[in-house]
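For what it's worth, the numbering used here labels the leading residue of the sequence shown as 241, then goes sequentially.
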Amino acid sequence: MAHARQQHPNAMLPNGRARMVACVIDDGWTIEATAERFQVDAKTVRKWRDRFIAEGHEGLQDRSSRPRCSPNKTRPAVQRRVVALRRRHRWGAAHIAHELGLAPSTVQAILWREGLGRLDRGDRATHVDPPRRYQTRAAW
241 MAHARQQHPN AMLPNGRARM VACVIDDGWT IEATAERFQV DAKTVRKWRD RFIAEGHEGL
301 QDRSSRPRCS PNKTRPAVQR RVVALRRRHR WGAAHIAHEL GLAPSTVQAI LWREGLGRLD
361 RGDRATHVDP PRRYQTRAAW
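What follows is the structure, given as structure tokens:
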């Protein structure tokens, strides 16, 4: 099942945007009068009008707010180095961050993403599983 994106509570649906654009283009309303009628800013009316002119009805649909690129994303080579240091030395995020000159939160995010967020998930140094603990009801 596809997840529906939650709209801002005051956001206009595409059919409301179409009515707004029709008032400006078809009926000849001014930007300011349309903005007042639909209780939005004049800049918003201009934005939807321009999108409609450029793209037609498709331009009135919701768009993702996800950035197209992330210029500050940690490079894959640095991510591999973080994982290698964790596996080789079993260092914590703060130690790895200090060694590589990164923020500890960045290192921790990389480790969690790679499934290495916790050192106590099996003892990789000695290849011994963590102890199994059993709890039973005491008979008093």
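Quick reminder that beta carbons are idealized off the backbone N, C-alpha and C, glycines included.
| Asked | Found |
| --- | --- |
| Does the region 291 to 302 touch the region 252 to 268, meaning 3 or more C-beta pairs lie closer than 8 Å? | yes |
| For S345, report the span of its alpha helix (DSSP H) as first-last. | 344 to 353 |
| Report the option in G341, P344, R259, I350 whose CA atom is closest to the CA atom of R320. | I350 |
| Can you grab the Cα-Cα spacing for the pair A258 / T270, in whole Å? | 16 Å |
| CB-CB under 6 Å to V261, same chain, minus the five flanking residues each way: which ones, in chain order? | W288, R289, F292 |
| Which residue spans inside the region 271 to 357 form an unbroken alpha helix (DSSP H) run of at least 4? | 271 to 278, 282 to 295, 316 to 329, 333 to 340, 344 to 353 |
| Buried or exposed for I336, going by 16 or more other Cβ atoms inside 10 Å? | buried |
| With distance defined between alpha-carbon atoms, name the residue in R373, G341, L342, R326 nearest to G357. | R326 |
| Helix, strand or coil for G268, going by three-state DSSP, please let me know. | coil |
| Assign Q348 to one of two classes, buried (16 or more other C-beta atoms within 10 Å of its C-beta) or exposed (fewer than that). | buried |
| Could you compute how far the alpha carbon of R353 sits from the alpha carbon of K313? | 14 Å |
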